[in-house]
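Residue numbers (our numbering): 1 to 203.
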Ligand SMILES: CC(C)(COP(=O)(O)OP(=O)(O)OC[C@H]1O[C@@H](n2cnc3c(N)ncnc32)[C@H](O)[C@@H]1OP(=O)(O)O)[C@@H](O)C(=O)NCCC(=O)NCCS
């Protein structure tokens, strides 16, 4: 049976990327403003989006990255969101997110974060979600703070992108904070099986 996992909210769903998403993901991530904070992109050819899509099943199975397309009501990609840097022992992972520029400021980021948090603190049994945000990326800092993440301070020269060092702010959200946050209040349905590499043992 093909593996499947979909997290559905009021306006959006998170689902695994499929080959047919390549043209739209390419179009959205060919914008240098979208990929500015990352060590990849902007995309120059559609093949790069296709290669990323093709890599996601393996990285999901290996526990390296749990990648989702953020899809609108017509099931079209508007961006992507991921869990990264999983530690099952410590029950934590880090979030990565980007939205295509036409979708900034529309509440889509907040709903996508809510869907991912429901999965992480629900079936995956994580206890901490983190995020690394460039000190210059004020839009992303504001977004995480609005959702209740705590600023834990600056990690100096924490990542290198294209040979340049970046200082990042560490953000975190703990399970009990999630449970009292606006994220928890979003109505979410989770269907399908979580990939075994991402599920922590029951207590
Ligand atoms: C981070 C990101 C997902 C936030 O998007 P969002 O949740 O829609 O942002 P907000 O709702 O907080 O946006 C608030 C306002 O800032 C604007 N804004 C958001 N991101 C912006 C950006 N990167 N550059 C310029 N303006 C931006 C919005 O258009 C909105 O403007 P308005 O009030 O005039 O409508 C989005 O900026 C993005 O995808 N950026 C590129 C990738 C990135 O930085 N990822 C995070 C890495 S840690």
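Every residue, glycine too, gets a C-beta built ideally from N, C-alpha and C.
Query raised in the report: Hey, how far is the Cα of residue 44 from the Cα of residue 176?
Result: 42 Å
Query raised in the report: Just curious, the beta strand (DSSP E) that residue 77 is in, first and last residue?
Result: 77-87
Query raised in the report: In this structure, what does DSSP give as the bridge partners for residue 130?
Result: 94 and 172
Query - Among 80, 38, 202 and 141, the one whose alpha carbon lies nearest that of residue 165 - result: 38
Query raised in the report: Any heavy atom of ligand 1 within a distance shorter than 8 Å of the CB on residue 69?
Result: no
Query - Nearest residue (CA-CA) to residue 197, options 60, 172, 99 and 30 - result: 60
Query raised in the report: With DSSP run on the structure shown, which of helix, strand or coil describes residue 15?
Result: strand
Query raised in the report: Below 9 Å between beta carbons: does that hold for residue 119 and residue 13?
Result: no
Requested in this report: Starting from residue 153, follow the beta strand (DSSP E) in both directions and report where the run begins and ends.
Outcome: 150-161
Query raised in the report: Would the beta-carbon of residue 152 fall within 9 Å of that of residue 11?
Result: no
Requested in this report: Tell whether a beta-carbon distance below 9 Å holds between residue 87 and residue 65.
Outcome: no
Query - Nonlocal neighbours in the same chain, by C-beta distance under 6 Å from residue 67, ignoring five residues either side - result: 56 and 82
Requested in this report: Return the chain-ordered list of same chain residues with a C-beta closer than 6 Å to the C-beta of residue 200, the five sequence neighbours on each side being excluded.
Outcome: 88, 91 and 125
Query raised in the report: What do you reckon, is the C-beta of residue 120 under 8 Å from a heavy atom of ligand 1?
Result: no
Query raised in the report: Just how far apart, CA to CA, sit residue 202 and residue 72?
Result: 33 Å
Query - DSSP beta-bridge partners of residue 67 - result: 82
**Report entry** Cβ-heavy atom distance, residue 33 to ligand 1, below 8 Å
**Finding:** yes
Query raised in the report: Closest by CA to residue 156, which one among 150, 169 and 144?
Result: 169
Requested in this report: List the DSSP bridge partners of residue 166.
Outcome: 159
Query - Reference residue 171, options 51, 123, 21 and 133, closest by Cα - result: 133
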